[in-house]
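Reviewing the structure listed below.
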Amino acid sequence: LNTRKYPLGIPPPSEKDWPKEDEENFFLLDPDGKRDVLPQPFRMINKLVMQVFESAMEIIERREMLREAQKLKVQPKKCFPTAEFQVTERANCLAVSGKYIFVGLSVGLAAFNTCDFKDVCAWDADKAEICAIHASDLGNQCHVLLAVDEMGLAWLFCFHKESFLLIKILNGVEDISQRSTCVEVVLSRGGDYAGILLQGNTKAWLEIYQLPKDSWLTEMEKNVGAAEELACSERRSSSSPEVGTFLLQELPVSAIQADVELDPPELLLTVRPPKPITGTSFKGPLDALKGVDDGSMLGLGYNHLIKDSQWELQEAIFCSTYQEYLEAEGVIEEEIPRYATFHFLLPSQILMGPETVQPDIPVGIGVHWDGNHNFCLYLLDRSLNEKADSDLKPDVVWPCAAPIACSAVSSCSRYLALAGEDATITIWDKHLGYPLSVTAILEERFIRSIHFL
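Heads up: the sequence shown begins at 1 in UniProt numbering, then just goes up one per residue.
Now the structure itself:
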């Protein structure tokens, strides 16, 4: 007897009727393979092994991608040394001039010939450790060297006919307590001028020397000729040919070292750092106008009519307005700078030398001191009164919006690059006197050095 009122139907599925499995995708499993499922804890071990295998495959794929990307990059060419110079002491620095390589050692100097890779001669008379060296070819097998030792002494050498000759210690004094330390040296191309940056106990200054290379070359040729004549006469008077040969080879070098006395360099300029701008010392506008030259150039800002009371009032207003920013960063007092960067400059429209000037000989220097906004240019051809003046005025002043961090001059001396502390690089055309480009680097970057390629 059928007592149902409604036809039979499929009951709705319920979650409680589903099979309970640990795997999330249990519904994808083959029912026939249910008997092959591993029991615990083997399923956990199998899962861990599969995770390790998948991680290893990801690492392999990542390394393959990096290897393929590396192959697409341009590979640098590997260079291997073609020759080796053996030195007896530790090498600190080197300079190349002509066919010679000059090496500053922990004790003295050494010269090597690039043709046969052999040691030519060495100098270790004062047992000084050379830390920096600059060299320039004067022509006629003569080279000028400017070296700095570990004590801050600047040594000026002349290298001629494979022998060193000490000309002068530029900052040498008898009283050691009065000695100044040399921290930077620059030798102009061609060896016409040399500059050294000196630091005392509380001050710093820059000295520019003119090197009498023409008289050096003349004196060297005279002594070489006299030494050769002496050697030939000794060879004729000697009965042994071996002794004569020995004298012919050794006497020129000893004669040059013993008899040659070269003229010392001449001090041209003494450049001191700019002093902080203070209140005016003029009584009126007329006195201030008398202190101005011709008004065609920008100056350093010393000839003004602002009194000390006005400076103090302006500083008080500034500090009260920006007090919270000054407290966060701290107040930095203005100090006289103790380091400078300087370059020798060739003739240009901005820096004109004498009427008869050679295009490859410097006519001026460009200097900027640490923390200063101005790039100052000085002419090397000055009168005796200007040379004796302690506060030398620049001939041209290029102000910058930010303090100058570093600078560079191109090999042709036409282009000047100034990098400010605000990470801005300005390229100037020194011949025409206007900027070619201004490039801003990323924020919070400080440019430490800049070079022309």
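C-beta atoms are modelled at their ideal positions from N, C-alpha and C, and glycine is treated no differently.
According to the DSSP secondary-structure assignment, G366 is paired through a beta bridge with H343, L377. For the 9 Å CB-CB criterion, D263 and P347 do not form a contact. In this structure, the straight-line span from the alpha carbon of Q323 to that of G200 is close to 36 Å. Around the CB of E312, fewer than 16 other CB atoms lie within 10 Å, so the residue is classed as exposed.
S281 counts as exposed, since fewer than 16 other beta carbons sit within 10 angstroms of its beta carbon. With contacts defined as CB atoms closer than 9 Å, D360 and R90 fail to qualify as a contacting pair. A residue is called buried once 16 or more other Cβ atoms fall within 10 Å of its Cβ, and H368 is buried on that count. Counting only runs of at least 4 residues, the stretch 405 to 445 fully encloses no alpha helix (DSSP H) element at all. Residues Y415, A417, P435, L436, S437 of the same chain have their beta carbon placed closer than 7 Å to that of I427, with the five preceding and five following residues left out of the count. With 16 or more neighbouring CB atoms inside 10 Å of its own CB, K430 falls in the buried class.
Rounded to the nearest whole angstrom, the CA to CA distance from E421 to F85 is 42 Å. For S449, the CB contacts under 7 Å within the same chain, skipping 5 residues up- and downstream, are C406 in chain order. Burial state of I60 is exposed, judged by a 10 Å Cβ sphere holding fewer than 16 other Cβ atoms.
With distances taken between CA atoms, S413 lies nearest to L345 out of E207, L206, L345. By a beta-carbon distance limit of 8 Å, V397 contacts N374. Their separation comes to about 5 Å.
For I130, the secondary structure class from DSSP, reduced to helix, strand or coil, is strand. A distance below 6 Å between beta-carbons, with the five flanking residues on each side excluded, links A83 to the following residues of its chain, in chain order: F117. Within the same chain, N92, C93, G104, V148, D149, E150 come within 7 Å of C131 by CB-CB distance, once the 5 residues on both sides are set aside. T341 sits buried, since 16 or more C-beta atoms from the chains shown fall within 10 Å of its C-beta. Cβ atoms of I208 and L269 come within 8 Å of each other, at about 4 Å.
In the DSSP assignment, A83 falls outside any alpha helix (DSSP H) and carries neither an H nor an E. Burial of M220 is indicated by the presence of at least 16 other C-beta atoms within 10 angstroms of its C-beta. Take K99, set aside five residues on each side of it, and the residues of its chain with a beta-carbon closer than 7 Å to its own are N113, T114, C115, in chain order. Residue L267 holds the alpha-carbon nearest to the alpha-carbon of Q210 among I169, L267, L72.
Contact check for A110 against A128 fails: the beta carbons are separated by 9 Å or more. Under the DSSP assignment, S55 falls in the alpha helix (DSSP H) whose first and last residues are 42 to 72. Of the candidates L153, P403, D175, T181, L153 places its Cα closest to the Cα of K168.
In the three-state reduction of the DSSP assignment, P273 falls in the coil class. Taking 9 Å as the cut-off, the beta carbon of G371 is found closer than this to the beta carbon of P337.
Within 10 angstroms of the beta-carbon of F318 lie fewer than 16 other beta-carbons, which makes it exposed. If you draw a straight line from the Cα of C182 to the Cα of L166, it comes to about 18 Å.
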